[in-house]
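Chains as they are written, first to last, in the numbering used here: chain A, 218 to 466; chain B, 9 to 361.
Okay, structure first, notes after.
Shown next as structure tokens:
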């Protein structure tokens, strides 16, 4: 399998603070990769660098064979590389179906501007409703997104990402602040999105039970550098990872 | 329901057409009412639906006022001739000349306003929140000062628009129907546009622009289109407004930031920003109460109007229509949730502990 996302020697510093130091990682098409590390180790910064939110200081980010480090966030999103946020971001005053409708992709041969001044096609609405069904929000489809609970907003955000038909999805702590019952549901849906829709996933996660069961390959960051990489088993047994989390003896 | 709505629209149209014949003494006030409706509706595209508080939309209105007045002046008179008769007296035009000049001026004004919106938007629409508001505030004031210092367009002494030819009938009635048609067109176009994907995109930008960008929406393009759309209607209103008033003053008629520029915002907020009917209702209430207040309580009118605005913002922050909608939506949602909660999937659609 070829690498869909190839991050090579990416560095990013804010003033004197180096958030990412020559980080390299690669994610194969169709794979699920995990990104772990203690708080402040540079995981979210790396996400921001990949999706074009922060301009990187040096290094390269190649997605689907294209260098993307100089592209803007919407451009990268249109290439099929999407991210979700740690704190949920949904369109609060619009209802769930509208949130989904506007998330429909603008890729393809047709001119985007032509579609701009036409009503949302019925197929899009149907797909929106079936995806809401998939994440279990169909009953709430006419509620405003801002009225949903935090966990439901995470599900909605995930459904919106799927609606966009991405090639790859970067998920920033999909299970943070979610109750344990719902966590199993989210894990199940992530695995199904990967298996059935073929979406490559890169997941930041603090919940070790989740990430060890989800990912085939895990990268561990500490202080902005890559500390360890390997299968969940290898990373779990790595003494450097344990000391980064629990403090060295 | 549909039939009732259609009947409502027909009744409103009949009332609007009959109004100047039934109440001829209020004709010019009613014409101004339609101007206010257009101002509020066009402000709400960017200010309400898109959530960008613009204090500078008056710029496009002013561009329309000046472009039309200058085209009318220069199409049939030279500048010297106009200056020689000190404006007015000799600028008598034949009906076709007048209409031709007015139409050409309006079209040219709309085109210039769109160009201005696109050029200004490319820079200013990158700003967000308070920064955008302050920048647009400066824009309106600057344009007034520039217009007041430019001799070609009359500088501080303004421009007199050509006299309305008597053969065309009653002047105020002519402009009443022009503004009425413009308000109807504006409403119709916006109603259609908000139902499209474009309306959803504007709302998405309003609710969370970072998210919209992260989802790959072409936010800069949508914002610019929205501002251009707003500019078209403002310029079309402005061009005829100058003729309706009969005199173009740089800061009182054209770039009237402290009056029209602020009113359009107040009207939209009063009625309910981000709704289609809100700005219309807001404009009606605002204009009628303003006229009554300064007719019967001169001196106190601005104070009472200010108090009314404060009260509405405090007690009905979503505006009159927003408040009504919230009440009905709350009731509908409560009714919808009750039966569904028992049938929902236990694991996923339940809310948090």
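Built from N, CA and C at the ideal position, the CB exists for glycine as well.
Residue i classed as buried or exposed, judged by whether at least 16 other C-beta atoms fall within 10 angstroms
{"i": "residue 369/A", "result": "buried"}
{"i": "residue 69/B", "result": "buried"}
{"i": "residue 10/B", "result": "exposed"}
{"i": "residue 226/A", "result": "exposed"}
{"i": "residue 216/B", "result": "buried"}
{"i": "residue 330/A", "result": "For residue 330/A, the predicted model reports a pLDDT of 47, less than 50, meaning its position is unreliable; a value from the coordinates is still stated below. That one is exposed."}
{"i": "residue 311/B", "result": "exposed"}
{"i": "residue 328/A", "result": "Residue confidence is low: residue 328/A scores 46 on pLDDT, short of 50, so the model does not pin down where it sits. No coordinate-derived value is stated."}
{"i": "residue 356/A", "result": "buried"}
{"i": "residue 49/B", "result": "buried"}
{"i": "residue 335/B", "result": "exposed"}
{"i": "residue 29/B", "result": "exposed"}
{"i": "residue 321/B", "result": "exposed"}
{"i": "residue 294/B", "result": "buried"}
{"i": "residue 170/B", "result": "buried"}
{"i": "residue 312/A", "result": "buried"}
Continuous beta strand (DSSP E) stretch holding residue i: start and end
{"i": "residue 245/B", "result": "It is not in any beta strand (DSSP E) - residue 245/B instead sits in the alpha helix (DSSP H) that spans 227-253."}
{"i": "residue 226/A", "result": "220-231"}
{"i": "residue 215/B", "result": "Per DSSP, residue 215/B belongs to no beta strand (DSSP E); it is in the alpha helix (DSSP H), 205-215."}
{"i": "residue 300/A", "result": "298-300"}
{"i": "residue 211/A", "result": "Given a span of 218 to 466 for chain A in the structure shown, any question on residue 211/A remains unanswerable."}
{"i": "residue 252/A", "result": "249-253"}
As assigned by DSSP and simplified to three states, the class of residue i
{"i": "residue 389/A", "result": "strand"}
{"i": "residue 457/A", "result": "helix"}
{"i": "residue 138/B", "result": "helix"}
{"i": "residue 295/B", "result": "helix"}
{"i": "residue 119/B", "result": "helix"}
{"i": "residue 337/A", "result": "coil"}
{"i": "residue 329/A", "result": "Confidence at residue 329/A is low in this model, with a pLDDT of 46, below 50, so the placement of that residue should be treated as unreliable; the coordinate-derived value is given next. In the structure shown, residue 329/A sits in a helix (DSSP, three-state: H, G or I)."}
{"i": "residue 244/A", "result": "strand"}
{"i": "residue 98/B", "result": "Only weak support exists for where residue 98/B lies, its pLDDT of 49 falling under 50; the value from the coordinates is given anyway. Reduced to three states, the DSSP call for residue 98/B is coil."}
{"i": "residue 442/A", "result": "strand"}
{"i": "residue 273/B", "result": "helix"}
{"i": "residue 238/A", "result": "strand"}
{"i": "residue 435/A", "result": "strand"}
{"i": "residue 288/A", "result": "coil"}
{"i": "residue 283/A", "result": "strand"}
{"i": "residue 46/B", "result": "helix"}
{"i": "residue 290/B", "result": "helix"}
{"i": "residue 307/A", "result": "coil"}
{"i": "residue 335/B", "result": "helix"}
{"i": "residue 167/B", "result": "strand"}
{"i": "residue 447/A", "result": "strand"}
{"i": "residue 281/B", "result": "coil"}
{"i": "residue 359/A", "result": "coil"}
Boundaries (first-last residue) of the alpha helix (DSSP H) holding residue i
{"i": "residue 195/B", "result": "179-202"}
{"i": "residue 417/A", "result": "Careful: residue 417/A lies outside any alpha helix (DSSP H), inside the beta strand (DSSP E) at 417-421."}
{"i": "residue 314/B", "result": "309-323"}
{"i": "residue 53/B", "result": "Per DSSP, residue 53/B belongs to no alpha helix (DSSP H) and is neither H nor E."}
{"i": "residue 16/B", "result": "10-30"}
{"i": "residue 82/B", "result": "66-84"}
{"i": "residue 315/A", "result": "313-318"}
{"i": "residue 264/A", "result": "260-267"}
Closer than 7 Å: residue i CB and nearest the ligand NAP heavy atom
{"i": "residue 136/B", "result": "Of ligands this structure carries none, so the ligand NAP is not represented either."}
Taking a cut of 7 Å between CB atoms, which residues from the region 281-297 of chain A lie near chain B? 290, 291, 294, 295
Name the residues in the region 50-69 of chain B whose C-beta lies less than 8 Å from a C-beta of chain A; which are they? none
Could you please tell me which residues of the region 227-240 of chain B, in chain order, have their CB closer than 9 Å to any CB of chain A? 227, 228, 229, 230, 233
Can you list, in chain order, the residues of the region 427-454 of chain A whose Cβ is nearer than 8 Å to any Cβ on chain B? Under the 8 Å Cβ criterion, the region 427-454 of chain A contributes no residue.
Tell me which residues of the region 306-325 of chain A have at least one Cβ-Cβ distance to chain B shorter than 9 Å, keeping chain order. 306, 307, 308, 309, 310, 311, 315, 316, 318, 319, 320, 321, 322, 323, 324
Looking at chain A, which residues of the region 197-213 of chain B have a Cβ within less than 7 Å of any of its Cβ atoms? 201, 203, 204, 205, 206, 208, 209, 211, 212
In the region 364-412 of chain A, which residue ranges form an unbroken alpha helix (DSSP H) of at least 4 residues, counting only runs that do not cross its ends? 367-380
Quick one: which residues of the region 22-47 of chain B get their C-beta closer than 9 Å to a C-beta of chain A? List them in chain order. none
Against chain B: residues of the region 330-341 of chain A by CB proximity under 7 Å: 332, 333, 334, 335, 336, 337
Listed in chain order, which residues of the region 124-147 of chain B have Cβ atoms closer than 8 Å to some Cβ of chain A? none
Beta carbons nearer than 8 Å to chain A: which residues of the region 244-255 of chain B have them? none
Can you pull out the residues from the region 320-335 of chain B whose beta carbon lies closer than 8 Å to at least one beta carbon of chain A? Answer set for the region 320-335 of chain B: empty.
Residues in the region 303-319 of chain B having any Cβ partner in chain A nearer than 7 Å: none
Output needed in chain order: residues of the region 405-424 of chain A with a Cβ under 8 Å from some Cβ in chain B. Of all residues in the region 405-424 of chain A, none comes within less than 8 Å of chain B when Cβ atoms are compared.
Contact residues within the region 348-377 of chain A, judged by C-beta distance below 9 Å to chain B: 352, 353, 354, 355, 356, 357, 359, 360, 361, 362, 363, 364, 365, 366, 367, 368, 369, 372, 374, 377
Quick one, which residues of the region 243-260 of chain A are near chain B if we go by CB-CB under 7 Å, in chain order? none
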